[in-house]
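Written below as structure tokens is the structure these notes are about.
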């Protein structure tokens, strides 16, 4: 152990939940240190390369659990660096969800109307815009056209992408080489640095202990820059406040590991995990039918064959985001790209009834048509049925490969409610895409690695009921004053849409409360920084709700 | 820092042959040469074996490299038990898994990767790397893999990068509205 350092506030994690508080607290005058377990890469290092050890495996984590696998960011900027930058607001009914606990899951103080000003702040900061149809890539156009053919609607999704810089390379999961994706590397994090915040990559926080002055000591290990299985030195930083935003898959693990020193954690720490109700279907299109039925042509006689071209999801169908439908039966359907490697193995051969159609000769033939694939992403209402087991020795997973692949303690067994939503969504996708012989479609198998999510949520959630929420509605950990949790783990349940904007808006909303807690501990911190680029309309709009 | 270099392959070639046979069961291909026993020849065109599954698994960073010999032993034990239970006679000159017919290899892999099998994570892991060898050539720089004519990337129709190794698609859109939007879309373009 080296000497213990001092800071006003330690922020654990540098994704949306970490970067946003880090910026505001640093801008307000606090000494902020951000500890990030992943590396710090910038645009020139974001490779278009599948080789193990390039950016695709350096900044991405794939943690296999028991019945649920999580894909997430592992770098400075967190999920914002590897995500597809799709940024819709959660529909109104989401905030009224009751789940299986029989009462409102969200705190009474939060609804769509009250969160909208905070959504606005994030949209100004990144920024978030809606893409015009002439900027929608082929795959999104194909999905829209198929939806229209089936009498459904389809919307270009709001995104945090500068389409003027975008090359539609579809390497977003490896980081954006062209800085077209408006990740946190371009706004909140540089603004935090400009205000004196310190960001330390490859620092993996293991546990928290309590100091006599009521503050906390944050214990970390230094991770090897190439082989993440190798941990080097250790260290600790004392802070008056801790903002925990290590990600839904890691935040509850750190807190559970800290129980010996901090005392019992609230019951909901490591429980009520949601995979955002996510499920994937892969369709293989008949190019002739795409041309004849939908009338699509890329201008060179090719109807589609463009799975590789684009920028992840661009178009979603929101017809089932209808608050009058029963809970667990509402979902959005979004066109998606998933690169080879992880994106091919789980796809099943449509129309084949064997119990393992994810491999073999027929599956290989399906790969021959890969450019005619379209992946449709379901985000539904799951039942918060995930539970974390005992923490691994270090980190949040036992790493198998030197990067990316590990095994974690999450257990997930989908309930009948979750399965009903998936079944309805599968049927909807099939109805839309198999109409008039356009495509053949099948869901990804859950038998190989269980279910999977790129949007893990709710493992340390906010709420009004101490029995079913770990945090109060200001994001402070119950019974452990001075620890705030602001990442996806704080979101109470599945959102039926991509959650990044909601996570970010909740983090923005939490900041004034964290500032007040800092002031109560004697720190000379103020709230009121403008948007990272100096814009002020978002600040004005939230002034009356702070 | 190398923490998991694989043990060297023995002269017998059992390890390579057995892994190739497993990879060929996941994504099968045509025989590479007369007398190729690892690749069953169950599918025309390339399979995971010729695409470099062994090379990928033996990479230091894969995580499976130090366990490959144990995996191969276990796989051949499973194959022996599979054959014994069905009174199949295997060529004693071949590793047991390699000696199985393609259909039997498939049934055994299905069993080993099934949700209830206690070793499934290992066998799923082996399958995952077989896929990655075939469809993304994860043991090579992607530009180099194309230069070498990697058969899996070619099979997928994955497009080549530009001369600087980067991808740009200047033509990417049908350029017109292709569906009506949801009637309750908000002014910000969001669901209501």
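Residue numbers (this note's numbering), protein chains in the order written: chain A, 214 to 759; chain B, 2 to 193.
Quick reminder that beta carbons are idealized off the backbone N, C-alpha and C, glycines included.
Inter-residue Cα distance where the pair is residue i and residue j
i, j, result
"residue 57 of chain B", "residue 638 of chain A", "37 Å"
"residue 760 of chain A", "residue 695 of chain A", "One cannot answer for residue 760 of chain A here, as it falls past the ends of chain A, which runs 214 to 759."
"residue 785 of chain A", "residue 285 of chain A", "The shown model of chain A, from 214 to 759, leaves out residue 785 of chain A, and the question about it has no answer."
"residue 380 of chain A", "residue 340 of chain A", "18 Å"
"residue 634 of chain A", "residue 504 of chain A", "32 Å"
"residue 606 of chain A", "residue 415 of chain A", "17 Å"
"residue 412 of chain A", "residue 482 of chain A", "27 Å"
"residue 14 of chain B", "residue 97 of chain B", "13 Å"
"residue 640 of chain A", "residue 494 of chain A", "10 Å"
"residue 48 of chain B", "residue 132 of chain B", "9 Å"
"residue 217 of chain A", "residue 753 of chain A", "40 Å"
"residue 689 of chain A", "residue 697 of chain A", "4 Å"
"residue 751 of chain A", "residue 385 of chain A", "28 Å"
"residue 179 of chain B", "residue 533 of chain A", "19 Å"
"residue 598 of chain A", "residue 590 of chain A", "20 Å"
Proximal residues of chain B, C-beta to C-beta of residue i below 7 Å
i, result
"residue 621 of chain A", "Those within 7 Å of residue 621 of chain A in chain B number zero; the least Cβ separation is about 12 Å."
"residue 160 of chain A", "The requested residue 160 of chain A does not occur in the structure, where chain A is confined to residues 214 to 759."
"residue 339 of chain A", "Under the 7 Å cutoff, chain B gives no residues; its nearest Cβ is about 13 Å from residue 339 of chain A."
"residue 522 of chain A", "170 and 173"
"residue 588 of chain A", "What residue 588 of chain A touches in chain B: nothing, since even the nearest Cβ is about 14 Å away."
"residue 574 of chain A", "29, 43 and 44"
Rounded distance between the beta-carbons of residue j and residue i, thought under 8 Å
i, j, result
"residue 66 of chain B", "residue 554 of chain A", "Between residue 554 of chain A and residue 66 of chain B the Cβ distance is about 18 Å, and since that is not below 8 Å, they are no contact."
"residue 420 of chain A", "residue 608 of chain A", "That pair is no contact at about 11 Å."
"residue 523 of chain A", "residue 352 of chain A", "5 Å"
"residue 717 of chain A", "residue 335 of chain A", "4 Å"
"residue 36 of chain B", "residue 50 of chain B", "No, residue 36 of chain B and residue 50 of chain B are not in contact; Cβ-Cβ is about 15 Å, not under 8 Å."
"residue 521 of chain A", "residue 160 of chain B", "6 Å"
"residue 293 of chain A", "residue 464 of chain A", "Rounded, the Cβ-Cβ distance is 17 Å, inconsistent with contact."
"residue 456 of chain A", "residue 699 of chain A", "6 Å"
"residue 254 of chain A", "residue 268 of chain A", "6 Å"
"residue 404 of chain A", "residue 236 of chain A", "5 Å"
"residue 153 of chain B", "residue 130 of chain B", "13 Å between Cβ atoms; not a contact."
"residue 546 of chain A", "residue 642 of chain A", "6 Å"
Residues that residue i bridges to, as DSSP identifies them
i, result
"residue 382 of chain A", "A:523"
"residue 675 of chain A", "A:684"
"residue 368 of chain A", "A:529"
"residue 435 of chain A", "A:416"
"residue 274 of chain A", "A:285"
"residue 227 of chain A", "BP columns for residue 227 of chain A are empty, so no partner."
"residue 453 of chain A", "Residue 453 of chain A is not bridged to any residue."
"residue 586 of chain A", "A:497"
"residue 350 of chain A", "B:174"
"residue 486 of chain A", "A:599"
"residue 279 of chain A", "A:624"
"residue 545 of chain A", "A:592"
Interface residues of chain A facing residue i [CB-CB closer than 7 Å]
i, result
"residue 133 of chain B", "554"
"residue 156 of chain B", "580 and 581"
"residue 181 of chain B", "361 and 366"
"residue 18 of chain B", "Within 7 Å Cβ-Cβ: nothing; residue 18 of chain B doesn't reach chain A, min ~19 Å."
Contact list for residue i against chain E, beta-carbon separation under 8 Å
i, result
"residue 561 of chain A", "Reference to chain E is not applicable here, since the protein chains of this structure are A and B."
Chain A residues whose Cβ lies nearer than 9 Å to that of residue i
i, result
"residue 53 of chain B", "None at all; the shortest Cβ gap to chain A is about 12 Å."
"residue 159 of chain B", "521, 553, 583 and 584"
Residue i: contacting residues in chain A (beta-carbon distance under 8 Å)
i, result
"residue 125 of chain B", "661 and 662"
"residue 14 of chain B", "Per Cβ cutoff of 8 Å: no residues; residue 14 of chain B is ~24 Å from chain A at best."
Candidates the options, of which the one nearest residue i by Cα
i, options, result
"residue 219 of chain A", "A:452, A:522 and A:566", "A:452"
"residue 610 of chain A", "A:306, A:466, A:403 and A:598", "A:466"
"residue 190 of chain B", "A:289, A:371, A:400 and A:592", "A:371"
"residue 278 of chain A", "A:647, A:486, A:254 and A:288", "A:486"
"residue 283 of chain A", "A:238, A:730, A:665 and A:691", "A:665"
"residue 39 of chain B", "B:54, B:21, B:169 and B:83", "B:21"
"residue 676 of chain A", "A:501, A:287, A:309 and A:273", "A:309"
"residue 612 of chain A", "A:407, A:274 and A:592", "A:274"
"residue 290 of chain A", "A:402, A:621 and A:476", "A:402"
"residue 747 of chain A", "A:434, A:735, A:530 and A:240", "A:240"
"residue 682 of chain A", "A:654, A:383, A:704 and A:474", "A:704"
Partner residues on chain B for residue i, Cβ-Cβ distance less than 9 Å
i, result
"residue 380 of chain A", "167, 168, 169, 170, 171 and 173"
"residue 412 of chain A", "None at all; the shortest Cβ gap to chain B is about 24 Å."
"residue 358 of chain A", "175, 179 and 180"
Residue i Cβ short of 8 Å to the ligand ZN heavy atom set
i, result
"residue 179 of chain B", "The ligand ZN is not among the ligands present in this structure, which contains no ligands whatsoever."
Under 8 Å by beta carbon: chain B residues contacting residue i
i, result
"residue 261 of chain A", "143, 162, 166, 167 and 168"
"residue 548 of chain A", "Going along chain B, no residue has its Cβ under 8 Å from residue 548 of chain A, so there is no contact; the nearest lies around 11 Å."
"residue 347 of chain A", "174, 176 and 177"
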